[in-house]
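Enquirer: Residue numbers (our numbering), protein chains in the order written: chain H, 1 to 834; chain S, 835 to 1057. Don't be surprised by glycine CBs; every beta carbon is placed ideally from N, CA and C. Handing you this structure, nothing more for now.
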Amino acid sequence: MPGGMLSKMIIRELRQNRQQTTVLFLCIVLSVVGLTALGGFQANVHQAMLRDARELHAADVIVRSSFPFLPAMESKLAGLTSRADVAMARVWEFYTVVRTPDASASLLSAVKVVEPGYPYYGRVVLASGEPFHEMLAPGDIVVEQTLLDRLGLAIGSRLFLGDAEMTIRDVVISEPDRPVTVFTLGPRIFVSARDRQRLGLITQGSRVRYMALLRLPASLSPEAVQEELWSAADPTQERVDTFRSADSRLKRFFDNLLFFLKLVGIFTLLLAGIGIQSVLTALMRARVKTMATMKALGAPNRFVMRLYLGVVLLLGIFGTACGIAAGLGLQQGLTFLLADLIPADATFEVAWGAVGQSLVVGLLAVVLFAARPLLNLKHFKPSALFRHEKQKNRWLPGEWLTVLLTTLFFVALVLWQLEDLRIGAYFIGGLLVLVGVAFLGTWLFLKALQRLAVRHLALRQAIRGLFRPRNATLAILVTLTASLTIIYAIFLIEKNLDATFVQAYPQDAPNVFFLDIQRDQTDAFAQLVDRPLEFYPIVRAKLMAINGQAIDPGRERQRKSDNLARPFNLTYRHHLLDDEKFVEGNTLFNPNGGTFQVSVLDRVADIGNIRMGDRLQFKIQGVPLEATVSSIRTRTRESMQPFFYFVFPDAALQKAPQAIFTALRVDPSEMAALQNRIVQALPNVTVLDVSQSIRQIAGALDRFSQAMRFFTLFSMAAGILLVVSSIIATRAARIREAVYYKILGAPGRFVLYVFSLENLLLGGASAAGGLLLAHLISWVVCVRYFDIAYQPYPAASLAGLMVGILAVVLVGLSASRSIMRRKPIQFLRAHAAE
Amino acid sequence: MIEAIELNKTYTIDDRRIQVLQDVSLNIQPGTFAVIQGSSGSGKSTLLSLLSGLDRPDSGTVRIQDQDITDLSEDDLAPLRNRTFGFVFQSFYLVPSLSALENVMFPAELSRSPHAAADAEKLLERVGLSHRRRNMPHQLSGGEQQRVAICRALINQPAIIFADEPTGNLDSQSGQAILALMLEFQREFHTTLLMVTHNPDIARRADTRFQLTDGRLDPSRDL
Ligand SMILES: Nc1ncnc2c1ncn2[C@@H]1O[C@H](COP(=O)(O)OP(=O)(O)OP(=O)(O)O)[C@@H](O)[C@H]1O
Ligand SMILES: [Mg+2]
Chain H
1 MPGGMLSKMI IRELRQNRQQ TTVLFLCIVL SVVGLTALGG FQANVHQAML RDARELHAAD
61 VIVRSSFPFL PAMESKLAGL TSRADVAMAR VWEFYTVVRT PDASASLLSA VKVVEPGYPY
121 YGRVVLASGE PFHEMLAPGD IVVEQTLLDR LGLAIGSRLF LGDAEMTIRD VVISEPDRPV
181 TVFTLGPRIF VSARDRQRLG LITQGSRVRY MALLRLPASL SPEAVQEELW SAADPTQERV
241 DTFRSADSRL KRFFDNLLFF LKLVGIFTLL LAGIGIQSVL TALMRARVKT MATMKALGAP
301 NRFVMRLYLG VVLLLGIFGT ACGIAAGLGL QQGLTFLLAD LIPADATFEV AWGAVGQSLV
361 VGLLAVVLFA ARPLLNLKHF KPSALFRHEK QKNRWLPGEW LTVLLTTLFF VALVLWQLED
421 LRIGAYFIGG LLVLVGVAFL GTWLFLKALQ RLAVRHLALR QAIRGLFRPR NATLAILVTL
481 TASLTIIYAI FLIEKNLDAT FVQAYPQDAP NVFFLDIQRD QTDAFAQLVD RPLEFYPIVR
541 AKLMAINGQA IDPGRERQRK SDNLARPFNL TYRHHLLDDE KFVEGNTLFN PNGGTFQVSV
601 LDRVADIGNI RMGDRLQFKI QGVPLEATVS SIRTRTRESM QPFFYFVFPD AALQKAPQAI
661 FTALRVDPSE MAALQNRIVQ ALPNVTVLDV SQSIRQIAGA LDRFSQAMRF FTLFSMAAGI
721 LLVVSSIIAT RAARIREAVY YKILGAPGRF VLYVFSLENL LLGGASAAGG LLLAHLISWV
781 VCVRYFDIAY QPYPAASLAG LMVGILAVVL VGLSASRSIM RRKPIQFLRA HAAE
Chain S
835 MIEAIELNKT YTIDDRRIQV LQDVSLNIQP GTFAVIQGSS GSGKSTLLSL LSGLDRPDSG
895 TVRIQDQDIT DLSEDDLAPL RNRTFGFVFQ SFYLVPSLSA LENVMFPAEL SRSPHAAADA
955 EKLLERVGLS HRRRNMPHQL SGGEQQRVAI CRALINQPAI IFADEPTGNL DSQSGQAILA
1015 LMLEFQREFH TTLLMVTHNP DIARRADTRF QLTDGRLDPS RDL
């Protein structure tokens, strides 16, 4: 066949079916954009996180404890550091109130006492540019600029830390391991370890974090050292991490974000792929006669195949190129959006690996998803000229093969992206179940519809329209349902992530905490503050056993969420808080149950599988306490309000060593005055002003949620394209029918009515089914994977449902809009006898 | 009844204007059988579509039952198409998602006739398709489809039936049967039948004949 003819026909195919071509092109672009932008963004963040992981922890292995290391640990550390190539630096961190020598101003600060080796990785950058440890001579300190600003001091000023008067020598610009803690309650002060004794602040009972940072030679694997130290650790108070295993809130958030984004990426590709397939199928279905005619005229199968292969390749290459360009642009935008959250040097880099990957994956997806419709061309026999009904095709071996290859491709993609066999398997299994359920539901729905005897003419026509021959209603409905499910699920998951991580910091969140209030000071304190207050007594304790079964700290550490081995803050009271309600039981404590009862928050009950009536054994500063679970509470909203896992009756804890704290929302303008009043009257009370941190957190998380929402939109775009493509697939049939209706004297509004109803049926069924499935999926993902509480958002769901239906109806109608006003003859000629 | 005055129709393809109809005027009496003849491409189908309001002329006027329909909107034309006109085409244009019976019923249902089903059954009975009434269009032969289409054109007892080569897709025997059927109905209901055909045998049986040559009505052949 002459090539000139072929290329002319390719161009004509592209031009004649502009709508389909556009959708096809957009599908390809979208699948590639998603991969490129996400892949690149992931690669950037990941790389930065890993490269920086060592710096983020300033060491290879870190031992942490809230107490001085126990002798077993000390001897292990001594053994290790006896090796010449292992270095160790100790670090102590704690908060303390520092004051100016004239006692005119004071401020809560985050003190970090460091030994000379610190930091082993990364650098503490000082404003002077001088080496860190040279400026940190005994008697000198290095502070953050905010401390100078807030206390009205300058370099060279003196400052009291505990009992010691120190000299401010320099200003710290950045410290490598700061991001791990993300948010601190006060400005940083660095102190040399040689001044440690002089401060007199690190004593038994003060809240100090004890750390040992280890630098290892290349010959020693951090994991091996971690293992060795673990064997000597008392897991109830000592923790050993490598820079790789160390968890941080930031890392957890990033992990969740990246996982979510990967899901979105996969779904975008899948939706776009299905879009490609359905548009191509529709394109060719509309061309049955043309192709049958070409074949009848002796055009070999090859010619027809080449024609559409040409169409696909042309669009594929062009679309992929556009997609990559757009993807790189997006990635840059995204990195910019998150600029101050991502570790500093994770700037925009063209991750060529990711570009290459998306090129390959994108083209592979195009070819694979296009393969079946292309192979299907073989079925178009010249006999189609004479028969109107759909030819029942037996699948060719090649078609089976492409289906198999597409499945394999997809499975490989999922496993590669998720990097976890088990989760990948769940994911694929879940997807299969989703499609299966969508198929079954749709099938039943259609069967029921077909049986329905409808008197109303327009509605009857609409239902009949769903069953017109060659109208793959079942396939379209399943596709619509599945894609709407995915859109809704992503929407719901995003909302839930947002609620958990972002909305937890609302405008009215408490912004100041008062700690260490004595029990006989509560009245005085309440008077000073002069507003309703909730005092929270706290008793530090450890959970030792549940029903006699000891808590296994090793296992607890593996939990993604909170773990039971850490120290807990117990409290006592006899009322529910505003944001609490009962899940089980309807009073906190059983009136006849005696002193030793405990009310448990559902979150910790879920973690420990704790039920009503279970016996919990605690240890409070060495003293055992056993209590029976008398109720289970849940929180009605996420907030910054303090909450307690374990609540006891007064009698159980009143005598235990305790501290009382309270949280308040204070207008920034009143903050200073209030603080001063309290510090003067009750000097032992510690004030934690967290407004700064809250602003930081809120700002940061807000941008994260923007990123999430952005990618969510992206996947939605793919889904909408799919909706458009499935509806375009039925366009030819609709147009023809509309013209027939008009010739038979139906007014335009009747035609509009029929099609609206038809689309309403399609949209309603798929949106309702999709929403139902989406809730199921989101629930599983949130509760099982993200380990966060699930909220169903009924109002947003309803709105989503309406939008989904409206979208389907509008897209559907736009395909038939022009028919209403134009003269029928134009369509009759164009669509005659097809 | 049907009156056309100086109809002109041109198509423009790539800046080239093709005059398909030029100053065509004609007049057809009610209850008669009229035929438009002419060679392929002479503009017969175009003329029919102008007379029946399926298309709009560039200039000129079409009057149906003394009503000017030339500039009527699609929605104003709808009741006319539903009750006054019946259409029968060469390719049958049955609604593919409706059974034979439902296709016939459809125009009656649109005009809310309470006995649509009964009327449709009667008509199908007359054309010998009772046993096929549940079949979908693609399950019918060409001749059967055309008989269904004729029933559908007749169900609202229209004043005019427009037929564009209704036998063109059929073998001569089926064609004869279809034609006989149409003429039978035409006489029975005193319908005006305007038919485009190549077939001289059919043309001979018409009351009026129009000959189109290159978009002009040939007056010499106008009886
Ligand atoms: N949409 C259009 N655009 C351009 N030219 C057209 C269009 N429709 C019809 N024509 C031209 O108008 C002329 C008349 O067409 P028409 O279909 O009326 O012919 P006809 O007499 O019915 O022929 P036949 O007997 O073959 O059906 C033809 O030359 C055709 O090429
Ligand atoms: Mg014609």
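1) Does DSSP put Thr1042 of chain S in a helix, a strand or coil?
2) Please classify Gln973 of chain S: does DSSP put it in a helix, a strand, or coil?
3) So is the beta-carbon of Lys843 of chain S under 7 Å away from any non-hydrogen atom of ligand 2?
4) Spell out whether any CB of chain S is found under 8 Å from the CB atom of Arg15 of chain H.
5) Under 8 Å, Cβ to Cβ, is there at least one residue of chain H near Pro913 of chain S?
6) How many angstroms separate the CA atom of Lys889 of chain S from the CA atom of Thr880 of chain S?
7) For Arg837 of chain H, is the beta carbon positioned less than 7 Å from some heavy atom of ligand 1?
8) Ala627 of chain H lies in the beta strand (DSSP E); which residues open and close that run?
9) Would you say Leu415 of chain H and Ser31 of chain H are within 8 Å of each other, going by their C-beta atoms?
10) Specify, as a first and last residue, the run of the alpha helix (DSSP H) that Val836 of chain H falls within.
11) Does any residue of chain S bring its CB to less than 8 Å from the CB of Lys560 of chain H?
12) Could you name the residues of the stretch 731–744 of chain H whose beta carbon sits closer than 9 Å to any beta carbon of chain S, in the order they occur along the chain?
13) Determine the extent of the alpha helix (DSSP H) in which Ala652 of chain H is found, giving its start and end residues.
14) Can you check whether the C-beta of Leu468 of chain H is within less than 8 Å of a C-beta belonging to chain S?
15) To the nearest angstrom, report how far apart Lys560 of chain H and Asp241 of chain H are at their CA atoms.
16) Quick one: residues in its chain with C-beta nearer than 6 Å to the C-beta of Trp239 of chain H, no 5 flanking neighbours on either side, listed in chain order?
17) For a test of the three-state rule: what should DSSP assign to Leu855 of chain S, helix, strand or coil?
18) Compute the Euclidean distance between the alpha carbons of Arg422 of chain H and Phe259 of chain H, then round it to the nearest angstrom.
19) Between Ser879 of chain S and ligand 3, is there a pair consisting of the residue's CB and a ligand heavy atom that are separated by less than 7 Å?
20) Please report the Cβ distance between Thr1026 of chain S and Ala997 of chain S, rounded to the nearest whole angstrom; I am assuming they are in contact, meaning their Cβ atoms lie under 8 Å.
21) What is the rounded straight-line gap between the Cα of Ala137 of chain H and the Cα of Ser192 of chain H?
22) Name the chain S residues that come within less than 7 Å of Arg464 of chain H, Cβ to Cβ?
23) So which residues of chain S does Pro300 of chain H contact, with C-beta pairs closer than 9 Å?
24) Mind listing the chain S neighbours of Gly748 of chain H? Cutoff is C-beta to C-beta under 7 Å, in chain order.
25) For Asp170 of chain H, count neighbouring C-beta atoms within 10 Å of its own C-beta (all shown protein chains included) and say buried if the count is 16 or more, exposed if not.
26) Name the chain H residues whose beta carbon is nearer than 9 Å to that of Pro941 of chain S?
27) In three-state terms, what does DSSP make of Leu452 of chain H?
28) Does the beta carbon of Pro397 of chain H sit closer than 8 Å to a beta carbon anywhere in chain S?
29) In chain H, which residues lie with their C-beta within 9 Å of the C-beta of Pro921 of chain S?
30) Kindly list, in the order they appear in chain S, the residues whose Cβ is closer than 9 Å to that of Lys823 of chain H.
31) Out of H:Val124, H:Tyr426 and H:Phe410, which one is the CA nearest neighbour of Arg784 of chain H?
32) By a C-beta neighbour count over all protein chains shown, 10 Å radius and 16 as the cutoff for buried, is Asn496 of chain H buried or exposed?
33) Of the residues H:Leu126, H:Thr167, H:Pro131 and H:Ala72, which one's Cα is nearest the Cα of Thr100 of chain H?
34) Taking the alpha-carbon positions, what's the Ala857 of chain H to Ile720 of chain H distance?
35) Express the C-alpha separation of Ile486 of chain H and Leu761 of chain H in angstroms, rounding to a whole number.
36) As a quick exercise: from H:Phe267, H:Asp614, H:Leu151 and H:Ile805, pick the residue whose alpha carbon is nearest that of Gly430 of chain H.
Expert: Looking at the coordinates:
1) Looking up residue 1042 of chain S in the second sequence gives position 208. Strand at Thr1042 of chain S.
2) The sequence position of residue 973 of chain S within the second sequence is 139, counting from 1. Looking at Gln973 of chain S - three-state DSSP - the assignment turns out to be helix.
3) Position 9 of the second sequence holds residue 843 of chain S. For ligand 2, not one heavy atom lies less than 7 Å from the Cβ of Lys843 of chain S.
4) Counting from 1 along the first sequence, the entry for residue 15 of chain H is found at position 15. So, not an interface residue.
5) On the second sequence, residue 913 of chain S is found 79 positions in, with the first residue counted as 1. So yes, Pro913 of chain S belongs to the interface.
6) Numbered from 1 along the second sequence, position 55 holds the residue referred to as residue 889 of chain S. Numbered from 1 along the second sequence, position 46 holds the residue referred to as residue 880 of chain S. Note that residue 889 of chain S corresponds to Asp in the displayed sequence, not to Lys. One C-alpha to the other measures close to 8 Å.
7) This structure cannot settle anything about residue 837 of chain H, because the visible part of chain H is limited to 1 through 834.
8) The residue you call residue 627 of chain H lines up with position 627 of the first sequence. Segment Val623 to Arg635, the beta strand (DSSP E) holding Ala627 of chain H.
9) Stepping through the first sequence from its first residue, residue 415 of chain H is reached at position 415. Stepping through the first sequence from its first residue, residue 31 of chain H is reached at position 31. The answer is no: Cβ separation not under 8 Å.
10) Since the first residue of chain H shown is 1 and the last is 834, residue 836 of chain H is not available in this structure.
11) Locating residue 560 of chain H in the first sequence gives position 560, where the first residue counts as 1. Since pLDDT at Lys560 of chain H reaches only 49, below the 50 mark, its modelled position is unreliable, and no value is offered.
12) Ala733, Arg736, Glu737, Val739, Tyr740, Tyr741, Lys742, Ile743 and Leu744
13) Here the question's residue 652 of chain H lines up with position 652 in the first sequence. Segment Asp650 to Leu653, the alpha helix (DSSP H) holding Ala652 of chain H.
14) One-based indexing of the first sequence puts residue 468 of chain H at position 468. Reading off the sequence, residue 468 of chain H comes out as Arg, not Leu. Yes, its Cβ sits closer than 8 Å to a Cβ of chain S.
15) Reading the first sequence from its first residue, position 560 is the one you call residue 560 of chain H. Reading the first sequence from its first residue, position 241 is the one you call residue 241 of chain H. Because the pLDDT of Lys560 of chain H is 49, which lies under 50, any placement of that residue in the model is unreliable, and the question is left without a value.
16) On the first sequence, position 239 is the one that residue 239 of chain H refers to. In the sequence on display, residue 239 of chain H carries Arg and not Trp. Cβ neighbours of Arg239 of chain H beyond the five flanking positions: Arg64.
17) The sequence position of residue 855 of chain S within the second sequence is 21, counting from 1. Leu855 of chain S falls in the strand class under three-state DSSP.
18) Working through the first sequence from its first residue, we reach residue 422 of chain H at position 422. Working through the first sequence from its first residue, we reach residue 259 of chain H at position 259. Using only the alpha carbons, I get a separation of about 14 Å.
19) The ligand content of the structure shown is limited to ligand 1 and ligand 2, which means ligand 3 is not among them.
20) In the second sequence, counting from the first residue as 1, residue 1026 of chain S sits at position 192. In the second sequence, counting from the first residue as 1, residue 997 of chain S sits at position 163. At roughly 11 Å, the Cβ-Cβ gap does not stay under 8 Å, so Thr1026 of chain S and Ala997 of chain S are not in contact.
21) The residue labelled residue 137 of chain H in the question sits at position 137 within the first sequence. The residue labelled residue 192 of chain H in the question sits at position 192 within the first sequence. Cα-Cα distance, rounded: 7 Å.
22) Start at 1 with the first residue of the first sequence, and residue 464 of chain H comes out as number 464. The answer, in chain order, is Ser931 and Leu932.
23) Along the first sequence, read from residue 1 onward, the residue named residue 300 of chain H stands at position 300. Per Cβ cutoff of 9 Å: no residues; Pro300 of chain H is ~28 Å from chain S at best.
24) Within the first sequence, residue 748 of chain H is the residue found at index 748, counting from 1. By Cβ distance, chain S contributes Glu908 and Asp909.
25) Your numbering for residue 170 of chain H matches position 170 in the first sequence. Buried: at least 16 other Cβ atoms inside 10 Å.
26) As a first step, residue 941 of chain S is located in the second sequence; it is residue number 107 there, counting from the start. Residues of chain H passing the Cβ test: Leu744, Gly745 and Ala746.
27) One-based indexing of the first sequence puts residue 452 of chain H at position 452. Coil at Leu452 of chain H, not helix or strand.
28) Position 397 of the first sequence, counted from the first residue, corresponds to residue 397 of chain H. No, because no Cβ of chain S sits closer than 8 Å to the Cβ of Pro397 of chain H.
29) Position 87 of the second sequence, counted from the first residue, corresponds to residue 921 of chain S. The residue you asked about is not Pro; residue 921 of chain S is Phe in the sequence shown. What Phe921 of chain S touches in chain H: Ile743 and Leu744.
30) As a first step, residue 823 of chain H is located in the first sequence; it is residue number 823 there, counting from the start. In chain order: Ser883, Gly887, Leu888, Asp889, Arg890 and Glu908.
31) Position 784 of the first sequence, counted from the first residue, corresponds to residue 784 of chain H. The residue with the shortest Cα to Cα distance from Arg784 of chain H is H:Tyr426.
32) For the purposes of this step, residue 496 of chain H is identified with residue 496 of the first sequence, where counting begins at 1. Flag for Asn496 of chain H reads buried.
33) Here residue 100 of chain H is taken as the residue at index 100 of the first sequence, counted from 1. When only C-alpha atoms are compared, the closest one is H:Thr167.
34) The structure shown does not extend to residue 857 of chain H, since chain H is modelled only from 1 to 834, so the question has no answer here.
35) Here the question's residue 761 of chain H lines up with position 761 in the first sequence. Here the question's residue 486 of chain H lines up with position 486 in the first sequence. In a straight line, the C-alpha of Leu761 of chain H is about 20 Å away from that of Ile486 of chain H.
36) Locating residue 430 of chain H in the first sequence gives position 430, where the first residue counts as 1. Of H:Phe267, H:Asp614, H:Leu151 and H:Ile805, the residue nearest in Cα terms is H:Phe267.
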